[in-house]
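S.K.: Dropping the structure in here first, questions after.
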Amino acid sequence: MQPDLSFEIAAWERGARCVAGTDEVGRGPLAGPVTAAAVILDPDNIPDGLNDSKKLTPARREALAARLIDCARCTVVHATVEQIDQMNILRASHWAMAQALRDLCVSPTLAPDHVLVDGNRMPAELPCPGECVVKGDAKSLSIAAASIVAKVARDRIMVDLAQQHPGYGWDRNAGYPTPEHREALRNLGVTPHHRRSFAPVRNILYQENSSTL
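Each residue of the sequence shown is one higher than the last, beginning at 11 in our numbering.
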């Protein structure tokens with residue numbers, strides 16, 4: 011399955027003037043932010059090769075993200091570890107998507123009036139009407155574009171954090187619970203960038219606290 015403009019065209023035919031796609035990346039990791047992007051494509055200048063970010067190589071994602079920044083309207087928002095722990099991961103990711111869309115609304119003439127949201131749950135407080143598209147990053151070019159921009163932005167953060175906290179492999183695993191990351195958690199402990207509301211991290215903290223009693 012290759013993404014196309016079917017959902018965007020349907021929205022335009024219903025009267026929408028400006029259609030945005032939004033997606034998030036980073037719900038599953040034990041560390042780092044959850045990141046959302048919103049993208050409004052120029053129908054006359056769409057980069058070739060847009061697809062679900064998970065199906066692209068890192069180099070291809072980087073190249074496409076650079077093209078999208080040049081030829082589309084893109085916004086990126088990160089929900090911090092503190093926000094994730096306070097809100098929960100679903101609400102934090104929805105907040106980031108809604109904020110990314112609000113950031114597109116720089117003026118009434120440029121604001122999106124319809125949004126395509128990846129997944130099956132609509133975030134609250136969106137600045138415009140929209141619809142959910144299950145597996146949207148494989149169906150809608152706007153959502154695919156957002157998935158690429160979000161993935162590249164978050165991966166860059168995790169590479170930087172890997173330099174600050176060596177040993178966890180964040181430049182390779184992006185904070186996901188790989189065997190390498192789990193072993194580092196046990197051996198090196200919890201960093202300020204770990205999500206304390208996630209069970210594997212919470213369990214390590216419990217063990218550390220128990221050992222000091």
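Positions of the beta carbon are idealized from the N, C-alpha and C atoms, including for glycine.
State the DSSP-derived secondary structure class of E34, mapped to helix, strand or coil.
M.R.: Position 24 of the sequence shown, counting from 1, holds the residue named residue 34. Residue state, collapsed to three classes: strand.
S.K.: Between R71 and the rest of its own chain, which residues show a CB-CB distance below 7 Å, the 5 nearest in sequence each way excluded?
M.R.: Walking along the sequence shown from the start, residue 71 turns up at place 61. Answer for R71: S63, I158, K161 and V162, listed in chain order.
S.K.: On the DSSP letters alone, give me the boundaries of the alpha helix (DSSP H) that I167 sits inside.
M.R.: In the sequence shown, residue 167 corresponds to position 157, counting from 1. It spans L151 to Q174 - the alpha helix (DSSP H) in which I167 sits, taken as one unbroken run.
S.K.: Would the beta-carbon of R206 fall within 9 Å of that of L215?
M.R.: The residue given as residue 206 occupies position 196 in the sequence shown. The residue given as residue 215 occupies position 205 in the sequence shown. Against a cut-off of 9 Å, the Cβ pair of L215 and R206 comes out as a contact.
S.K.: Given this structure, state the Cα-to-Cα distance separating L120 from L51, to the nearest angstrom.
M.R.: Residue 120 sits at position 110 when you count from the first residue of the sequence shown. Residue 51 sits at position 41 when you count from the first residue of the sequence shown. Cα-Cα distance, rounded: 12 Å.
S.K.: What's the call for R182, buried or exposed, on a 16-neighbour Cβ count within 10 Å?
M.R.: Within the sequence shown, residue 182 is the residue found at index 172, counting from 1. By the 10 Å Cβ count, R182 comes out exposed.
S.K.: Does the Cβ of N61 have 16 or more other Cβ atoms within 10 Å, making it buried, or fewer, making it exposed?
M.R.: Position 51 of the sequence shown, counting from 1, holds the residue named residue 61. Counting Cβ neighbours within 10 Å, N61 comes out buried, since at least 16 surround it.
S.K.: Suppose you measure from the CA of M107 to the CA of G177; what does that come to, to the nearest Å?
M.R.: Translated into positions along the sequence shown, residue 107 becomes position 97. Translated into positions along the sequence shown, residue 177 becomes position 167. Their backbone Cα atoms lie some 31 Å apart in a straight line.
S.K.: CA-CA distance, P39 and N130?
M.R.: Position 29 of the sequence shown holds residue 39. Position 120 of the sequence shown holds residue 130. Computed Cα separation, rounded: 20 Å.
S.K.: What does the Cβ neighbour count give for R164, buried or exposed, with the cut at 16 atoms within 10 Å?
M.R.: Taking the first residue of the sequence shown as 1, we reach residue 164 at position 154. Result: buried.
S.K.: Given this structure, state the Cα-to-Cα distance separating A89 from A102, to the nearest angstrom.
M.R.: By 1-based counting over the sequence shown, the position of residue 89 is 79. By 1-based counting over the sequence shown, the position of residue 102 is 92. If you take the alpha carbons of A89 and A102, they lie about 6 Å apart.
S.K.: Is A47 close to the ligand FMN? I mean its beta-carbon at under 8 Å from any heavy atom of the ligand.
M.R.: What this structure holds is no ligand at all, so the ligand FMN is not there to describe.
S.K.: Where in the segment 66 to 99 do unbroken runs of the beta strand (DSSP E), each at least 3 residues long, occur, reported from the N-terminal end onward?
M.R.: Runs of the beta strand (DSSP E) inside the segment 66 to 99: 83 to 89.
S.K.: List the whole-angstrom C-beta distance separating G42 from L171, where the pair is believed to meet the contact cut-off of C-beta under 8 Å.
M.R.: Mapped onto the sequence shown, residue 42 falls at position 32. Mapped onto the sequence shown, residue 171 falls at position 161. Indeed, because the Cβ distance is near 6 Å, the residues count as touching under 8 Å.
S.K.: Cβ of A156 within 9 Å of Cβ of A26?
M.R.: Counting from one through the sequence shown, the residue named residue 156 turns up at place 146. Counting from one through the sequence shown, the residue named residue 26 turns up at place 16. Result no, Cβ atoms of A156 and A26 do not sit closer than 9 Å.
S.K.: If distances are taken between C-alpha atoms only, which option among A21, I19 and V116 comes closest to P83?
M.R.: Position 73 of the sequence shown holds residue 83. With the sequence shown as reference, residue 83 is identified as Arg, and Pro is not the correct amino acid for it. Of A21, I19 and V116, the residue nearest in Cα terms is V116.
S.K.: If the criterion is Cβ atoms closer than 9 Å, does the pair T45 and V86 meet it?
M.R.: The residue labelled residue 45 in the question sits at position 35 within the sequence shown. The residue labelled residue 86 in the question sits at position 76 within the sequence shown. It is a contact, given that the beta carbons lie within the stated cut-off.
S.K.: Between A134 and W105, what straight-line distance do the alpha-carbon atoms span, to the nearest angstrom?
M.R.: To locate residue 134, count along the sequence shown from 1; it is residue 124. To locate residue 105, count along the sequence shown from 1; it is residue 95. Taking the straight line from one Cα to the other gives about 8 Å.
S.K.: Within the continuous beta strand (DSSP E) that includes H124, where are the two ends?
M.R.: Against the sequence shown, residue 124 aligns to sequence position 114. Element bounds for H124: H124 to D128.
S.K.: May I ask which residues mark the beginning and end of the alpha helix (DSSP H) holding E190?
M.R.: As a first step, residue 190 must be located in the sequence shown, where it is residue number 180. Start and end: P189 to L198.
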